[in-house]
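>
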Amino acid sequence: MKRIASLIIMLCVFCISNAANYLTFTAEEDGSTFGILNKNNNPDVQYSLDGGETWTALAAGDTITLVHKGDKALLRGNNPEGFSKRSNKYSSFTMTGKIAASGSVMSLIDGTGETLVVPADYCFYSLFSGCTSLTQAPELPATTLAESCYRYMFEGCTSLTQAPELPATTLADYCYQYMFSGCTSLTQAPELPATTLAESCYNGMFWGCTSLTQAPELPATTLAEACYYDMFRNCTSLTQAPALPATTLPTVSNVKGGCYLFMFSGCTSLSRIRVSFDDWNDGLHTLEWVKDVAPAGTFICPKTLALEYGIRRIPEGWTVQYIDDTVAVVSNYLTFTAEEDGSTFGIAYNYLTPDVQYSLNGGETWTELAVGDTILLAKKGDKAHIRGYNEGGLGSNGKDDVHFVMTGAIAASGSVMSLIDGSGSSTEIPCSYCFIELFSGCTSLTQAPALPVTTLAFRCYDGMFSGCTSLTQAPELPATTLADFCYYEMFKGCTRLTQAPELPATTLANCCYNFMFSGCTNLSEIRVAFVEWKKEDNTHFWVENVAPTGTFYCPKALPLEYGLDRIPEGWTVKYIEEGTGVNDAVSSEIAVWTEGNTIYIRDSEGDVEVYDMLGRLIVSKRNGQENIQISVPQKGIYVVKVGTETHKVVL
180 MKRIASLIIM LCVFCISNAA NYLTFTAEED GSTFGILNKN NNPDVQYSLD GGETWTALAA
240 GDTITLVHKG DKALLRGNNP EGFSKRSNKY SSFTMTGKIA ASGSVMSLID GTGETLVVPA
300 DYCFYSLFSG CTSLTQAPEL PATTLAESCY RYMFEGCTSL TQAPELPATT LADYCYQYMF
360 SGCTSLTQAP ELPATTLAES CYNGMFWGCT SLTQAPELPA TTLAEACYYD MFRNCTSLTQ
420 APALPATTLP TVSNVKGGCY LFMFSGCTSL SRIRVSFDDW NDGLHTLEWV KDVAPAGTFI
480 CPKTLALEYG IRRIPEGWTV QYIDDTVAVV SNYLTFTAEE DGSTFGIAYN YLTPDVQYSL
540 NGGETWTELA VGDTILLAKK GDKAHIRGYN EGGLGSNGKD DVHFVMTGAI AASGSVMSLI
600 DGSGSSTEIP CSYCFIELFS GCTSLTQAPA LPVTTLAFRC YDGMFSGCTS LTQAPELPAT
660 TLADFCYYEM FKGCTRLTQA PELPATTLAN CCYNFMFSGC TNLSEIRVAF VEWKKEDNTH
720 FWVENVAPTG TFYCPKALPL EYGLDRIPEG WTVKYIEEGT GVNDAVSSEI AVWTEGNTIY
780 IRDSEGDVEV YDMLGRLIVS KRNGQENIQI SVPQKGIYVV KVGTETHKVV L
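For the sequence shown, this note's numbering gives the first residue as 180, with consecutive numbering after it.
In structure tokens, the structure reads:
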């Protein structure tokens, strides 16, 4: 009888083990390990290495080794009140090697993985946060969620390529907040079928998922505060946004409650967005939502939505299509917006007779803009759209140029290419001298239009903004292949300009940057991508009379040469390949930069001494060498003395 009873018990154990859906860790390489970290928390966790026959408590500090590839560990627990309790009272797994998770995470709650109800707030908070060894996520079968239940659950799991299914259709506040943030290998997002949202439910969910190429559908038409806040921020491979079907954006009293805040900020490849709302609602919901997206793209919206541009509206340089029309309407016109009452604009030209038209009613009717016309923007905020059909450009031989004249204060937006193709969709300069001196001397110009072209031509932007003394920000210059004299004197005398546009070209053309920033007396930041100066003709006097101090960002391979044709005297140099680079002003040929816990000195001829911030000598190098590497004991601030020069560096 005892033997029979024993067999019955064994059979019951076998049946339960096979019926259970335990959370399971499987080694994908020999010697992988796992453990658990408890922060003010002590849940019941057990593991089995023999298929569930025997179980052992998993305590903080234990390191469980899966010796061979394919070895498995089953995990379970009895935690009916939740696995973790709060953001400062939680438990998370630690891992090394490569481990694929499978089975149900709910076995940590009911011991078998059968329940579909998350029992408490913060239940799985940060459960796998920072597990860079996790290659596959476990099942998350719960259909009833709790506040912050999956918050930060897979944050920083950089080996995770696919997200688990998320079947819940009714969400809870913060339930998925930052759930997959920093999962840089994630290529596929889960479906998000919920039509009823909750506060901050998707907040930061895929932030920094740089490999994510396609967003999940977002079918909800009724939104909640901060529901999509930061959701796809810095997803640099995302090319198309999910359709946003909500027709009304809720009223919020606090800007932090906006539903689309920073949603696509930093999505540098994003070139298509479709919305259904017809009112920007003061921009509270779209604060910086399209900052740093692709320079050109398509924005699809109702015809009743105001065509306003910027990082909290429609991205500058994008084409607009109306979802109301059977045939899409393209409209990325050069636009002048009055920033003070009574601002005016007109046009001047010599021998050329360009086709230039303006509209004061949003593009419904157009009028020719002729020499001598003065167009009044009576009230601050009034707009004029500008277009033209000028396939031969707006300049010829550097003499017969067309340029605008202005009074008051006017911000330009939209694409300057609408003067060429009538719509602003073109990304190719059609001819030499195309926009030469177009805004030259318009001291009333406070904001430049978009310059989205990637193919330039001889002298195409020559002197385009020279003397624009009210211009505080330069437009982006995305072209990487330059043409002779293309940016010649482009911003000369722009005395309020403090930051140069990024210059991404790695190879320079003849005289391409000559006098480009000459006389920009407040300019204090320049960022370049080229690695050799070649000859002075490429950068002749390009930084004449800029600010006396500033920061010059460049590749480490670029020789550190100074002067009016090189790096401005007295400026700090930082290398774009590093987080720090050269941290002090260098007016000689000596270069000092940092990497890790190492200080590098190039072209030193004298003795080198390194002091900490207490003035203690850390390292002394005698008999100067051309290149020196010095390791320091810890990160911090150090003073490097090279001969008679002193440099401060931060590690």
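The beta carbon of each residue, even a glycine, is placed where N, CA and C say it ideally should be.
1) Following the continuous alpha helix (DSSP H) through Leu-513, name the residue where it begins and the one where it ends.
2) Thinking C-alpha only, which one of Thr-498, Leu-463, Glu-467, Thr-465 is nearest Gly-476?
3) Asn-413 by DSSP, collapsed to three states: which one?
4) Measuring only the C-alpha atoms, how far is Leu-228 from Thr-244?
5) Is the beta carbon of Ala-420 less than 9 angstroms from the beta carbon of Phe-456?
6) Could you tell me which whole beta strand (DSSP E) segments of length 3 or greater appear in the stretch 687 to 771?
7) Does the stretch 590 to 599 touch the stretch 545 to 561, meaning 3 or more C-beta pairs lie closer than 8 angstroms?
8) Do the CB positions of Leu-306 and Ser-270 come within less than 9 angstroms of each other?
9) Kindly indicate the opening and closing residues of the beta strand (DSSP E) around Ile-599.
10) Consult DSSP for Ile-243 and reduce its assignment to one of helix, strand or coil.
11) Below 9 angstroms between beta carbons: does that hold for Arg-371 and Tyr-357?
12) With a cut-off of 9 angstroms, does the C-beta of Ser-360 fall near any C-beta of chain B?
13) Use the C-beta contact count for Val-761: other C-beta atoms within 10 angstroms, 16 or more gives buried, fewer gives exposed.
14) Around the C-beta of Glu-318, are 16 or more other C-beta atoms found within 10 angstroms, so that it is buried, or is it exposed?
15) Under 9 angstroms, do Cys-336 and Cys-310 count as touching if we go by C-beta distance?
16) So the candidates are Leu-345, Glu-208, Glu-467; which of them puts its Cα closest to the Cα of Ser-312?
17) Three-state secondary structure (DSSP) at Leu-486?
18) Provide the residue span of the beta strand (DSSP E) that contains Ser-270, from first to last.
19) Can you tell me which of Phe-694, Glu-711, Asn-776 puts its alpha carbon nearest to the alpha carbon of Leu-743?
20) Within the same chain, show all residues whose beta-carbon is closer than 6 angstroms to that of Thr-273, passing over the 5 residues directly before and after it, in chain order.
21) Is Asn-806 helix, strand or coil by DSSP?
22) So, helix, strand or coil for Val-509, using DSSP?
23) Which of the three DSSP states is assigned to Ser-283 in this structure?
24) From Pro-429 to Gln-500, what does the alpha carbon distance come to, in whole angstroms?
25) What does a CB cutoff of less than 6 angstroms around Leu-423 pick up in its chain, not counting 5 residues either side in sequence?
26) For Ser-767 and Cys-690, I'd like the C-alpha separation in whole angstroms.
27) Take Ala-347 and list the residues in its own chain whose beta-carbon comes closer than 6 angstroms to its own, dropping the five residues that flank it on each side.
28) Using 8 angstroms as the Cβ pair cut-off and three pairs as the minimum, do the stretch 581 to 588 and the stretch 469 to 483 touch?
29) Nearest CA to the CA of Lys-277: which residue from Cys-613, Thr-205, Glu-378, Ile-554?
30) Tell me which same chain residues have a C-beta within less than 6 angstroms of the C-beta of Thr-374, skipping the five on either side of it?
31) Return the first residue and the last residue of the beta strand (DSSP E) that Ser-211 is part of.
32) Take Thr-291 and list the residues in its own chain whose beta-carbon comes closer than 6 angstroms to its own, dropping the five residues that flank it on each side.
33) Taking the CB atoms as reference points, tell me whether Pro-609 and Glu-570 lie closer together than 9 angstroms.
34) Looking at Glu-616: is its Cβ nearer than 9 angstroms to the Cβ of Gly-642?
The short version:
1) Within the sequence shown, the letter at position 334 stands for residue 513. Segment 513 to 517 is the beta strand (DSSP E) holding Leu-513; no alpha helix (DSSP H) there.
2) Position 297 of the sequence shown, counting from 1, holds the residue named residue 476. Here the closest residue by C-alpha is Thr-498.
3) Start at 1 with the first residue of the sequence shown, and residue 413 comes out as number 234. Three-state result, Asn-413: coil.
4) Looking up residue 228 in the sequence shown gives position 49. Looking up residue 244 in the sequence shown gives position 65. When rounded, the distance between both Cα atoms is 10 angstroms.
5) Indexing the sequence shown from 1 puts residue 420 at position 241. Indexing the sequence shown from 1 puts residue 456 at position 277. Taking 9 angstroms as the Cβ cut-off, Ala-420 and Phe-456 do not qualify as a contacting pair.
6) 704 to 706, 730 to 733, 751 to 754
7) no
8) Here residue 306 corresponds to residue number 127 of the sequence shown, with the count starting at 1. Here residue 270 corresponds to residue number 91 of the sequence shown, with the count starting at 1. Yes, these two residues count as a Cβ contact at 9 angstroms.
9) Along the sequence shown, read from residue 1 onward, the residue named residue 599 stands at position 420. Where Ile-599 is concerned, there is no enclosing beta strand (DSSP E), although the alpha helix (DSSP H) it sits in stretches over 597 to 600.
10) Stepping through the sequence shown from its first residue, residue 243 is reached at position 64. Residue state, collapsed to three classes: strand.
11) Reading the sequence shown from its first residue, position 192 is the one you call residue 371. Reading the sequence shown from its first residue, position 178 is the one you call residue 357. One detail in the question is off: residue 371 reads as Leu in this sequence, not Arg. Going by C-beta atoms, Leu-371 is not nearer than 9 angstroms to Tyr-357.
12) Considering every chain present, this structure includes no chain B. It has just one protein chain.
13) Against the sequence shown, residue 761 aligns to sequence position 582. Only weak support is given to the placement of Val-761: the predicted model assigns it a pLDDT of 37, under 50, and the question is left unresolved by the model.
14) The residue given as residue 318 occupies position 139 in the sequence shown. Buried is the call here.
15) Taking the sequence shown and counting its residues from 1, one reaches residue 336 at position 157. Taking the sequence shown and counting its residues from 1, one reaches residue 310 at position 131. Yes, the Cβ-Cβ distance between Cys-336 and Cys-310 is below 9 angstroms.
16) As a first step, residue 312 must be located in the sequence shown, where it is residue number 133. Selected option, being the one with the closest Cα: Glu-208.
17) Start at 1 with the first residue of the sequence shown, and residue 486 comes out as number 307. Leu-486 falls in the coil class under three-state DSSP.
18) In the sequence shown, the residue the question calls residue 270 occupies position 91. Ser-270 -> beta strand (DSSP E) spans 269 to 275.
19) For the purposes of this step, residue 743 is taken as the residue at position 564 of the sequence shown. Looking at the Cα atoms, Phe-694 is the closest of the given residues.
20) Working through the sequence shown from its first residue, we reach residue 273 at position 94. Answer for Thr-273: Gly-214, Leu-216, listed in chain order.
21) By one-based count along the sequence shown, residue 806 stands at place 627. In the structure shown, Asn-806 sits in a strand (DSSP, three-state: E or B).
22) Position 330 of the sequence shown, counted from the start, is the residue given in the question as residue 509. For Val-509, the predicted structure reports a pLDDT of 49, less than 50, and the residue's modelled location is therefore unreliable. The matter cannot be settled from this model.
23) As a working mapping, residue 283 is identified with position 104 in the sequence shown. Ser-283: strand per DSSP, three-state reduction.
24) Looking up residue 429 in the sequence shown gives position 250. Looking up residue 500 in the sequence shown gives position 321. Looking at the two C-alpha atoms, the distance is approximately 24 angstroms.
25) Indexing the sequence shown from 1 puts residue 423 at position 244. Same-chain partners within the cutoff: Val-454.
26) Position 588 of the sequence shown holds residue 767. Position 511 of the sequence shown holds residue 690. For Ser-767, the predicted structure reports a pLDDT of 45, less than 50, and the residue's modelled location is therefore unreliable. A value from the coordinates is still provided. Cα to Cα, the separation comes out at about 25 angstroms.
27) If you number the sequence shown from 1, residue 347 lands on position 168. Excluding residues within five positions, the ones whose Cβ falls inside 6 angstroms are Thr-322, Leu-324.
28) no
29) Taking the sequence shown and counting its residues from 1, the one referred to as residue 277 is at position 98. Nearest of Cys-613, Thr-205, Glu-378, Ile-554 to Lys-277, Cα basis: Thr-205.
30) Stepping through the sequence shown from its first residue, residue 374 is reached at position 195. Pro-398, Ala-399, listed in sequence order.
31) Along the sequence shown, read from residue 1 onward, the residue named residue 211 stands at position 32. Segment 211 to 218, the beta strand (DSSP E) holding Ser-211.
32) The residue labelled residue 291 in the question sits at position 112 within the sequence shown. Once the five neighbours on either side are set aside, the close Cβ partners of Thr-291 are Ala-199.
33) By one-based count along the sequence shown, residue 609 stands at place 430. By one-based count along the sequence shown, residue 570 stands at place 391. Cβ atoms of Pro-609 and Glu-570: closer than 9 angstroms.
34) Position 437 of the sequence shown holds residue 616. Position 463 of the sequence shown holds residue 642. Yes, these two residues count as a Cβ contact at 9 angstroms.
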